[in-house]
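Peer 1:
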Amino acid sequence: MLCHEFEDRLIDYLDGALDVEGHKQFAEHAMRCPVCHDLLGEVKNTIVACSASEAPAASAGLEARILLKTIPETAITCAEFEEHLTDYLDGFLLAPLYHRWERHAALCKSCSELPGDVVRSIGACYTYKQDELPVPAGVEARILQSTIGNVLPQQVRAPFASRLVEWLRGALDPIVSPQLASVATMLLVSIFVLTNTVSTDGSVGGIYHASLQLAQQTADNATRSPALPEGMKKLEGSVNDLMGTDENADKPSNPNNNQNSANQNYAPQNQQSKPKNGESRQKNR
Numbered sequence: 117m118l119c120h121e122f123e124d125r126l127i128d129y130l131d132g133a134l135d136v137e138g139h140k141q142f143a144e145h146a147m148r149c150p151v152c153h154d155l156l157g158e159v160k161n162t163i164v165a166c167s168a169s170e171a172p173a174a175s176a177g178l179e180a181r182i183l184l185k186t187i188p189e190t191a192i193t194c195a196e197f198e199e200h201l202t203d204y205l206d207g208f209l210l211a212p213l214y215h216r217w218e219r220h221a222a223l224c225k226s227c228s229e230l231p232g233d234v235v236r237s238i239g240a241c242y243t244y245k246q247d248e249l250p251v252p253a254g255v256e257a258r259i260l261q262s263t264i265g266n267v268l269p270q271q272v273r274a275p276f277a278s279r280l281v282e283w284l285r286g287a288l289d290p291i292v293s294p295q296l297a298s299v300a301t302m303l304l305v306s307i308f309v310l311t312n313t314v315s316t317d318g319s320v321g322g323i324y325h326a327s328l329q330l331a332q333q334t335a336d337n338a339t340r341s342p343a344l345p346e347g348m349k350k351l352e353g354s355v356n357d358l359m360g361t362d363e364n365a366d367k368p369s370n371p372n373n374n375q376n377s378a379n380q381n382y383a384p385q386n387q388q389s390k391p392k393n394g395e396s397r398q399k400n401r
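Letter by letter, the sequence shown follows residues 117 to 401 of my numbering.
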């Protein structure tokens, strides 16, 4: 067997497709020829290495070109690509549209760099947003000229009705605030409790009279003590005078009755002071 015949039958030998006679001749030539022997070893090592290695992943461009040739209706246009660009960056694209979008980005040269440019622009906007830029000269004057027609700013006052409403709101807010309800409730509850427990007749005036009676009792208890301060004595007298004033104010006043009683009291005094005629005569005798 010659060397070129050995190379031609090398694949059949490795696959085990040679007959017995051909297999014998192939082995004898490999043992005699060192070049063919090395060739056989290299081929065996290459086959083992290829079997152990993983299959390379197909590139996106290759898959896109295959699908474009086989099913061109699945491709999208550049306008649709730009329309769904924001949804792609936000992650809102569905799976079928997502793969079609990526295939178009792999095939179209004008659209392949567009997503990267948009991402870099967004990052630059966020970076510049954090930095305060100086206001260009003349911007304020141009704004005033465009809005109010005057470069010099002027004081603008609200209408009188608006200012009046604002003043009334500021004056009435503390009154009608929710705190008023709680304070009014506490006052009503306290008045209800005092009129039913402390008051003598169930009125607010009864609370006042009950407080005076309590003060009178306190003064009476203090007078019974062996050592009474001068201040307590004065307080007792003031309370007695105040109680007497209240009682006189509660009694109805009748000027006619007072005048009659005064006349009656004055008449006996005149009778007693006037001597009888007989007594005067006896004294003269």
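We treat Cβ as the ideally placed atom computed from N, Cα and C, and that holds for glycine.
Enumerated in chain order, which unbroken segments of the beta strand (DSSP E) with a length of 3 residues or greater are wholly contained in the segment 286-323?
Peer 2: Listed in chain order, there is nothing to give.
Peer 1: For C152 versus A143, is the C-beta distance shorter than 7 Å?
Peer 2: Looking up residue 152 in the sequence shown gives position 36. Looking up residue 143 in the sequence shown gives position 27. Not a contact, by the Cβ cut-off of 7 Å.
Peer 1: Given a cut-off of 7 Å on the beta-carbon distance, is the pair C227 and F197 in contact?
Peer 2: Reading the sequence shown from its first residue, position 111 is the one you call residue 227. Reading the sequence shown from its first residue, position 81 is the one you call residue 197. Taking 7 Å as the Cβ cut-off, C227 and F197 qualify as a contacting pair.
Peer 1: So, helix, strand or coil for D135, using DSSP?
Peer 2: Along the sequence shown, one-based indexing puts residue 135 at 19. Looking at D135 - three-state DSSP - the assignment turns out to be coil, as it is neither helix nor strand.
Peer 1: List the endpoints of the continuous alpha helix (DSSP H) containing I163.
Peer 2: Here residue 163 refers to the residue found at position 47 when the sequence shown is read from its first residue. First-last of the alpha helix (DSSP H) with I163: 150-168.
Peer 1: Flag this pair as yes or no: are the beta carbons of I192 and H220 separated by less than 7 Å?
Peer 2: Here residue 192 refers to the residue found at position 76 when the sequence shown is read from its first residue. Here residue 220 refers to the residue found at position 104 when the sequence shown is read from its first residue. Yes, Cβ-Cβ distance for I192 and H220 is below 7 Å.
Peer 1: Please state the DSSP three-state secondary structure of L210.
Peer 2: The count along the sequence shown starts at 1 and reaches residue 210 at position 94. The answer is coil: DSSP assigns L210 none of H, G, I, E or B.
Peer 1: Which class does P252 belong to by DSSP, given the choice of helix, strand or coil?
Peer 2: Locating residue 252 in the sequence shown gives position 136, where the first residue counts as 1. Coil, per DSSP.
Peer 1: I believe L120 touches Y129 by the beta-carbon criterion, under 8 Å. Please report the beta-carbon distance rounded to the nearest angstrom.
Peer 2: Along the sequence shown, read from residue 1 onward, the residue named residue 120 stands at position 4. Along the sequence shown, read from residue 1 onward, the residue named residue 129 stands at position 13. Per the sequence shown, residue 120 should be read as His rather than Leu. Not really, about 14 Å apart at Cβ, beyond 8 Å.
Peer 1: Would S315 and A326 be called neighbours here (beta carbons separated by less than 7 Å)?
Peer 2: Taking the first residue of the sequence shown as 1, we reach residue 315 at position 199. Taking the first residue of the sequence shown as 1, we reach residue 326 at position 210. Their beta carbons are under 7 Å apart, which means S315 touches A326 by this criterion.
Peer 1: Enumerate in chain order the residues of its own chain whose CB-to-CB distance from L213 is below 7 Å, with the five nearest sequence positions on each side excluded.
Peer 2: Position 97 of the sequence shown holds residue 213. Cβ neighbours of L213 beyond the five flanking positions: H200.
Peer 1: Over what stretch of residues does the alpha helix (DSSP H) that includes A195 continue unbroken?
Peer 2: For the purposes of this step, residue 195 is identified with residue 79 of the sequence shown, where counting begins at 1. A195 -> alpha helix (DSSP H) spans 194-199.
Peer 1: Short of 6 Å in beta carbon distance, which residues of its chain neighbour S175, apart from the five on each side in sequence? Order them along the chain.
Peer 2: Position 59 of the sequence shown, counting from 1, holds the residue named residue 175. Cβ neighbours of S175 beyond the five flanking positions: none.
Peer 1: In whole angstroms, give me the CA-to-CA distance for E189 and L126.
Peer 2: Reading the sequence shown from its first residue, position 73 is the one you call residue 189. Reading the sequence shown from its first residue, position 10 is the one you call residue 126. Whole-angstrom Cα-Cα distance: 46 Å.
Peer 1: The alpha helix (DSSP H) spanning E121 covers which residue range?
Peer 2: Counting from one through the sequence shown, the residue named residue 121 turns up at place 5. 119-124 is the span of the alpha helix (DSSP H), which, as asked, contains E121.
Peer 1: Between which two residues does the alpha helix (DSSP H) holding S175 run?
Peer 2: As a working note, residue 175 is residue 59 in the sequence shown. Premise fails: S175 is in no alpha helix (DSSP H) and is neither H nor E.
Peer 1: CA-CA distance, A331 and Y324?
Peer 2: In the sequence shown, residue 331 corresponds to position 215, counting from 1. In the sequence shown, residue 324 corresponds to position 208, counting from 1. The alpha-carbon atoms of A331 and Y324 are separated by roughly 11 Å.
Peer 1: So R181 packs on L223, CB below 8 Å; how close in whole Å?
Peer 2: Against the sequence shown, residue 181 aligns to sequence position 65. Against the sequence shown, residue 223 aligns to sequence position 107. Indeed, because the Cβ distance is near 7 Å, the residues count as touching under 8 Å.
Peer 1: To the nearest angstrom, how far is it from the Cα of D135 to the Cα of K185?
Peer 2: Along the sequence shown, one-based indexing puts residue 135 at 19. Along the sequence shown, one-based indexing puts residue 185 at 69. If I take the Cα positions, the gap works out to 45 Å.
Peer 1: Using the C-alpha atoms, what's the distance from T301 back to K367?
Peer 2: Looking up residue 367 in the sequence shown gives position 251. Looking up residue 301 in the sequence shown gives position 185. For K367, the pLDDT reaches just 49, beneath the cut-off of 50, and the residue's location in the model is therefore unreliable, although a value from the coordinates is still provided. Approximately 36 Å, taken between the alpha carbons.
Peer 1: Please state if the CB of D203 and the CB of L209 are separated by a distance shorter than 7 Å.
Peer 2: Taking the first residue of the sequence shown as 1, we reach residue 209 at position 93. Taking the first residue of the sequence shown as 1, we reach residue 203 at position 87. Yes, the Cβ-Cβ distance between L209 and D203 is below 7 Å.
Peer 1: With DSSP collapsed to three states, give me the class of I187.
Peer 2: The residue labelled residue 187 in the question sits at position 71 within the sequence shown. In this structure, I187 counts as coil in the three-state DSSP scheme.
Peer 1: Indicate the three-state DSSP secondary structure (helix, strand or coil) for R273 in the structure shown.
Peer 2: Counting from one through the sequence shown, the residue named residue 273 turns up at place 157. R273 falls in the coil class under three-state DSSP.
Peer 1: For N379, collect the residues of the same chain with a Cβ closer than 8 Å to its Cβ; drop the 5 residues on either side in sequence, then sort them by chain order.
Peer 2: As a first step, residue 379 must be located in the sequence shown, where it is residue number 263. Unreliable positioning characterises N379 in this predicted model, as indicated by a pLDDT of 45, which lies under 50. The coordinate reading is nonetheless provided below. Excluding positions up to five away in sequence, the list is empty.
Peer 1: Compare the C-alpha of C194 against each of G207, L230, V235 and name the closest.
Peer 2: Walking along the sequence shown from the start, residue 194 turns up at place 78. Considering only alpha carbons, the answer is L230.
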